[in-house]
Amino acid sequence: MINDWVKKATNNLIDTVISASDVDATTDLVLANAVYYKGAWLAPFIPYNTRRSAFHGLDGGVAETEFMTGRRPFMDVACMDGFKVLKLPYKPGAAPRTRYSMFVFLPDARDGLSTMVDVVTASPAYLYGILAEMKEKHVSIQLPKFEISFSWSDLKRDLGRLGLSLPFSQEVADLRGMCKGDDVAGSARRPTFLSKVAHKTVVKVNEAGTEPPSLCGGGGPPPDVIEFTADHPFTFFIMEELSGVIVFAGHVLDPTK
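Numbering (UniProt numbering), first residue to last: 1 to 257.
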């Protein structure tokens with residue numbers, strides 16, 4: 001029943017969030033959270049321009065995958081010491097006063113992901129400072145199509161480590177009002193308690209969308225064209241820009257998996 005609800009609520013993008021072994025005769029209440037992001041690019045990639053090319057992994061391996069390609073003027077980009085950042089805005093949705101964009105952080109070195117992440121996450125002020133300094137440039141883009149799925153079925157343990165243990169106790173949990181019969185006078189029913197918390201997230205990126213910086217150096221294209229070729233591991237996040245809240249974040253280590 002839970003998985004059927006998840007499948008329907010996410011338009012079949014997520015089909016399971018818990019397994020049969022997660023529920024038994026002692027299970028009382030399950031908290032399941034399934035999240036996916038479906039957005040259309042403000043400027044979609046043209047499927048005709050999608051090309052197969054090599055993606056270089058951290059272990060030196062090479063995987064053939066599909067790359068969305070395009071050359072566009074007026075793309076927000078920042079070229080920092082050791083990495084580049086590209087902004088890909090989504091079309092406005094139905095919710096008022098919201099503006100979502102994907103930011104792709106691409107290290108210059110094929111094995112530079114760890115160093116880049118350490119630098120970017122060292123200070124929130126530094127991260128938001130990069131975004132504030134992004135400039136419109138002519139950008140040649142090569143970005144692999146990818147899908148990332150993350151599941152965590154042991155949130156009960158992690159929440160307990162953070163001090164949230166009462167809802168999981170059969171003796172002291174107080175979740176009255178959530179189930180019929182909890183507040184009936186003289187009822188022999190024990191108080192409802194939380195048995196399990198499960199979470200699953202999916203982000204899918206394709207041509208349609210999803211389901212102070214220094215100057216860039218190097219030879220090749222004209223100086224006013226930035227080459228953004230994501231053919232090695234990179235980081236991305238999806239931000240609601242008006243609030244500055246990051247709603248999804250992840251690493252792409254191998255877009256074929």
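Where a beta carbon is used, it is the ideal one built from N, C-alpha and C, also for glycine.
Asked	Found
K124, buried or exposed, once every other Cβ within 10 Å from all chains shown has been counted against 16	One detail in the question is off: residue 124 reads as Pro in this sequence, not Lys. Label assigned to P124: exposed.
Secondary structure, beta strand (DSSP E): runs of 3+ residues fully inside the stretch 33-96	51-56, 62-80, 83-89
Residue range of the alpha helix (DSSP H) that includes M116	113-120
Beta-carbon spacing of M134, D76 below 7 Å	yes
Alpha carbon of K200 to alpha carbon of L155, nearest angstrom	11 Å
Validate contact between the stretch 158-172 and the stretch 193-208 using beta carbons, cut 8 Å, 3 pairs	yes
Integer Cβ distance of I238 from M102, believed to fall under 8 Å	5 Å
Local Cβ density within 10 Å of V17, reported as buried at 16 or more and exposed below that	buried
Beta-carbon contacts of P47 that lie in its chain and below 8 Å, excluding the five residues immediately before and after	E207
Assigned secondary structure, S151 (DSSP; H/G/I helix, E/B strand, else coil)	strand
C-beta contact flag for R71 and S140 at 7 Å	yes
Whole-Å CB distance - L88 paired with W41, under 8 Å assumed	6 Å
Reference L159, options T27, L31, P44, F55, closest by Cα	L31
Contacting residues, own chain, Cβ-Cβ under 7 Å from A230 (five flanking each side not counted)	V104, L106, Q142, L143, P144
Spatial distance of S151 from A198 (CA atoms)	8 Å
Spatial neighbours of S50 in its chain, beta-carbon cut-off 6 Å, leaving aside the 5 residues before and after	Note that residue 50 is Thr in the sequence shown here, rather than Ser. Answer for T50: E66, M68, listed in chain order.
Spatially closest choice to H138 from L253, L58, F74, by CA coordinates	F74
Through-space distance from P92 to residue 261, alpha-carbon basis	Here the chain comprises residues numbered 1 to 257, so residue 261 is not present and cannot be evaluated.
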